[in-house]
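Residue 0 is where the sequence shown starts when you use numbering that gives the first Met the number 0, and the numbers rise one by one after that. Yeah, the Cβ is synthetic: ideal placement off N, Cα and C, and Gly gets one too.
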Amino acid sequence: MPRLNFEITGDNSNMVNALEETRARIKEVSNTIEQVGDGLDLDSIEDKMEALNDAISTTEEYIEECMENIEEYTERAEEAAKSGDFEAADKFTAKAQQQAKYIQGATENLNKYKDALDLVKNGVGDLTKTE
């Protein structure tokens, strides 16, 4: 869970900045909730939680698949390098690196979905209001 860190001084600009960052993060999580729910009729908290849990599960499965791909591409790159086919080794290494980038993006989304689920579970009201 995100937390606020700021020094207490006569100047409260750090605290104000931290609060603004928190407000921006809450808006971002709110947008994530809306994106997950687009096209769905989510009338209840349970429906929202189910949709977020589905998004979490799907994203976790995707990350797992990418990790398996990285393992396969790494093995194939090693085999190609051992056989002297450095062009193929480079190709498989590049594919493994691309999968790692996919994992990074999916992990960011996964964290957003989990944050959104926490907010829904805790009964946070309208997250789009700034005042």
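- Where D117 is concerned, the enclosing alpha helix (DSSP H) starts and stops at 85-120.
- Here the segment 60-69 lies against the segment 89-107, with 3 or more beta-carbon pairs under 8 Å apart.
- A straight line joining the alpha-carbon of I102 with that of I62 spans about 6 Å.
- Straight-line spacing of the CA atoms in V119 and G104 works out to 23 Å.
- DSSP places S56 inside the alpha helix (DSSP H), whose first and last residues are 44-81.
- G122 and D46 have their C-alpha atoms roughly 13 Å apart.
- Note on A76: 16 or more other CB atoms within 10 angstroms of its CB, so buried under the neighbour-count rule.
- A distance below 6 Å between beta-carbons, with the five flanking residues on each side excluded, links L109 to the following residues of its chain, in chain order: T58.
- With fewer than 16 other beta carbons inside 10 angstroms of its own, K81 counts as exposed.
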